[in-house]
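Residue numbers (the numbering used here): 646 to 764. C-beta atoms are modelled at their ideal positions from N, C-alpha and C, and glycine is treated no differently. Since the structure is predicted, the reported quantities are computational estimates derived from the model, not experimental observations. Below: one structure, written as structure tokens.
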Amino acid sequence: MRVLTVDDSRTILAMLHHTLANAGFEVLQAEDGQQGLEVLKTESVDVVITDINMPVMDGIEFIRQVRATGRHNSLPILILTTETSQDKRDQGRAAGGTGWIVKPFDPEKLINVIHRVLH
646 MRVLTVDDSR TILAMLHHTL ANAGFEVLQA EDGQQGLEVL KTESVDVVIT
696 DINMPVMDGI EFIRQVRATG RHNSLPILIL TTETSQDKRD QGRAAGGTGW
746 IVKPFDPEKL INVIHRVLH
């Protein structure tokens, strides 16, 4: 299974890579939404985990653009963020986000959520 992680924090990317690779996932990474779109043009993935607050292209716009292609309508997109407001959650859901996880994340819970959205 392949996971694309999109986050501007190298620390979070490293933690995600460690957690996901140890759980048997192949991990692709991008540092903002624009890079995430570039990865999705050439690579197929089973799930995306994205932050919201990033430079260049934020997570909400990234999700909107992923969904706009039509090619990735059923691709699970998990939002991993420090944001907790209902307004942001509503924006994420409206854009096409599948689930919401608040940082800091519990590695075991993250893996469980990924397995749930994949089945």
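- Here residue 712 has 741 as same chain residues with Cβ atoms under 6 Å from its own Cβ, once five neighbours each way along the sequence are excluded.
- The beta carbon of residue 647 is closer than 6 Å to those of 671, 690, 691 in its chain, skipping five residues each way along the sequence.
- The Cβ atoms of residue 678 and residue 652 do not sit closer than 8 Å to each other.
- For residue 647, the secondary structure class from DSSP, reduced to helix, strand or coil, is strand.
- Looking at the DSSP output, residue 671 bridges to 647.
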